[in-house]
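Note that this note's numbering has the sequence shown beginning at -8, numbered continuously upward.
Okay, structure first, notes after.
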Amino acid sequence: MATTVPRTGSGPSGQSPDGILAPMPSAERPADLVLTGGHVHTVDPGRPRAEAVAVRGERVVAVGSTTEVSGHIGPRTRVVDLRDRLLLPGFQDAHVHPISGGVDRLQCDVREARGRDGVLATIRAYAASHPGEEWIVGSGWYMADFEHGTPRREDLDAIVPDRPAFLPNRDGHSTWVNSKALELAGITRDTPDPADGRIERDPDGTPTGTLHEGAADAVERLLPRITDDTLSEGLRLAQDYLHSLGITAWQDAIVTPRDQLIYRRAAEAGWLTARVEAAMWWQRDRGGEQVNELIARSRDGSVGRLRSNSVKLMLDGVLETFTGAMLDPYLDANGRPTERRGITFIDPDELRGWVTALDAAGLQPHFHAIGDRAVRGALDAVAAARAANGPTDTRPHVAHIQVIHPDDVPRFAEVGLVANAQPLWACHEGQMDDLTIPFLGPERTTWQYPFKSLLNTGARLAMGSDWSVSTPNPLVEIEVAVTRISPGSRGGAEPFLPSERLTLDESIRAFTLGSAYVNHLDDDTGSIEVGKLADLTVIDRDLFAMGAGPIGDARVLLTTVGGAVVFEDPALG
Ligand SMILES: [Zn+2]
């Protein structure tokens, strides 16, 4: 597991993402690692399939048949017999929140718990094993596990009576607290709802223990401050976890100055093994004066495998709470139009100017857009930047893209905006069927997640998870991209807009080379080619073979970054 990350300053283009010149390949020296006897899916159109790969130092030196590559084996070469397994380029997650995801795992994380009883058992066990913690802080419960989607304080009081408890749900929009926490925050039946939230109450006004949106702030501000050490530990945990899922690089979708410091320290200390692009958070209560600060932060934030050349612009909310920005109004429960068209966090005129300024400064716009009005705002802003700046290499991309007006689908390719898909969400499940479709109506329902239509019009596609909102396992996400069926309802379930299904090949390409493109890593990673960095992952079965079973059931057995092993399962053999 020894991995060393060369530490140097940022280098000019032509150097590797590690900032060092590649060593001169010597034809004589044998490979350090040979992976052989497998199915190599290279994502290189020049040679799509192979059997074996040889790695010397941090780079791939041969791709070919088992016989061709055997010439690279020397006495000290590690030879891994793939035994018909699948070798892929490492996955790259183009939209993920690793630090907070890792911190969630350090706290009372109930994501893996099944049902109300499972959640309560997890919290009870956590409280028992953390007697010294002043607060029980956790996250990740699922609304469908509780009556009316709102868990009650009495359930928490029964297992955590003496300490305050604070647990946001999986999407972070609702928080479960116990009586002690309500008491400390002074929330009673007489407390009015804040402007940006709602206190769930019994008929007599007594708070039940679920606080929606900003109503949780009164409790949240009492929580013990998370230390830098905890954030670093969260990052380390997240990195190990993501490597174990075959992920070798990612784009962190919200990087505050403090997060950037945590990454910098990891890079300087030499343990940031993943290649990371940091998307620095655009503060929407401020304006264009931020651009110069972001340029400075970009310069300081490029150390080792860390790059900070992206800026996250959050344009709207989510459909389930009617905060996603729509061109036409949401419907009410009876299918009649309402007055609500969602929230625009950044004024579209100002957005055009700021995106033009960021693009001119060489910074990449990374948008969050859910509703069709927000998506159009991102397209218009990129079009304005192109008109003002001409072609640049900032590679703007837009994450989520839940509802795209059909007129806007071809514009992705026209303006050069990369579609950054979270494919796990493109299926029938509770949030889609009960909280989204009724309020969009039949026509707009069919405008959701049009991945195949985007590809057909020549758009570039990248993929990411949005972990810890949902699983970071790319194989599960790819399964949904291919089937449009939730892994939770395999067999019998109806696919969601089946004409938008992608092939396995297209999905893998989006999760490797497609995401490498938005990370500006495609020259050196994203496919398995001679001369590229050996960022690789071994899957326990050939997903392209008949009878491989559900894609999401496959497991990762080995992950390398720059030729160094960062994850290995004993089952690799
Ligand atoms: Zn996100």
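Idealized CB from N, CA, C, for every residue including glycine.
Which residues bound the beta strand (DSSP E) around residue i?
i, result
"V389", "H388 to H391"
"A104", "No beta strand (DSSP E) contains A104, which DSSP labels as neither H nor E."
"I428", "Where I428 is concerned, there is no enclosing beta strand (DSSP E), although the alpha helix (DSSP H) it sits in stretches over I428 to L431."
"I238", "I238 to V246"
"V128", "I127 to S130"
"P159", "A156 to P159"
Taking the DSSP output, what are the residues bridged to residue i?
i, result
"K303", "W272 and H357"
"Q439", "V394"
"S165", "H203"
"R69", "L24"
"E559", "L549"
"A135", "The partner list for A135 (beta bridge, DSSP) is empty, contrary to what the question assumes."
"T528", "L79 and T550"
"H32", "R40"
"G326", "G326 is not bridged to any residue."
"A410", "V389 and L452"
"C99", "G129"
"V294", "L297"
"V267", "W241 and L297"
"D84", "W241"
"V51", "V46"
"P198", "R192"
In whole angstroms, give me the CA-to-CA distance for residue i and residue j.
i, j, result
"T528", "P465", "12 Å"
"D72", "T27", "5 Å"
"S120", "T199", "27 Å"
"A13", "V51", "For A13, the predicted structure reports a pLDDT of 43, less than 50, and the residue's modelled location is therefore unreliable. A value from the coordinates is still provided. Whole-angstrom Cα-Cα distance: 11 Å."
"S17", "G93", "The pLDDT assigned to S17 is 49, lower than 50, so where the model puts this residue is not dependable; a value taken from the coordinates is nonetheless given after this. Each residue's Cα considered, the two are about 41 Å apart."
"T551", "E59", "22 Å"
"I64", "F82", "27 Å"
"G131", "V110", "9 Å"
"A545", "G479", "15 Å"
"S444", "S170", "50 Å"
"A206", "W272", "24 Å"
"M15", "L549", "Caution is warranted here: a pLDDT of 42 is assigned to M15, below 50, making its placement in the model unreliable, and no coordinate value can be reported."
"V246", "A417", "26 Å"
"R255", "V101", "30 Å"
"L354", "D399", "24 Å"
"T141", "Q413", "26 Å"
"G455", "Y117", "30 Å"
"R343", "E284", "19 Å"
"F137", "A112", "14 Å"
"E145", "A287", "50 Å"
"A562", "G29", "15 Å"
"G474", "G279", "It is worth fixing the name first, because residue 474 is Thr in this sequence and not Gly. In a straight line, the C-alpha of T474 is about 43 Å away from that of G279."
"V389", "V547", "28 Å"
"E191", "V282", "40 Å"
"D323", "G163", "24 Å"
"V394", "G188", "25 Å"
"E124", "L233", "28 Å"
"W458", "P66", "42 Å"
"G177", "R107", "27 Å"
"A351", "A260", "33 Å"
"D522", "D250", "Contrary to the premise, residue 522 reads as Gly rather than Asp in this sequence. The alpha-carbon atoms of G522 and D250 are separated by roughly 33 Å."
For residue i, report the span of its alpha helix (DSSP H) as first-last.
i, result
"W345", "P339 to A351"
"N283", "Q281 to D291"
"E191", "Careful: E191 lies outside any alpha helix (DSSP H), inside the beta strand (DSSP E) at G188 to R192."
"G368", "D363 to N380"
"G522", "It is not in any alpha helix (DSSP H) - G522 carries neither H nor E in the DSSP assignment."
"V60", "T57 to S61"
"V606", "Any answer about residue 606 is impossible in this case: the structure gives the chain only from -8 up to 564."
"V309", "Neither: V309 is in no alpha helix (DSSP H) and is coded neither H nor E."
"E497", "L495 to R500"
"I150", "R144 to I150"
"V509", "S506 to V509"
Report yes if the CB atom of residue i is closer than 8 Å to the CB atom of residue j, and no otherwise.
i, j, result
"L431", "A369", "no"
"G543", "E470", "yes"
"D533", "L77", "yes"
"V34", "S518", "yes"
"V46", "L24", "yes"
"Y440", "E485", "no"
"P541", "R481", "yes"
"R275", "I337", "yes"
"H396", "R377", "no"
"A151", "P463", "Sequence inspection shows Val at residue 151; the Ala mentioned does not correspond to that position. Not a contact, by the Cβ cut-off of 8 Å."
"F313", "G333", "yes"
"D513", "L504", "yes"
Compute the minimum distance between the beta carbon of residue i and the heavy atoms of ligand 2, and state whether it is under 7 Å.
i, result
"G109", "Ligand 2 is not part of this structure, which contains only ligand 1."
### Message
So if I measure from each beta-carbon to every heavy atom of ligand 1 and keep distances below 6 Å, which residues remain?
### Response
Residues with a Cβ closer than 6 Å to any heavy atom of ligand 1, in chain order: H86, H88, A244 and D457.
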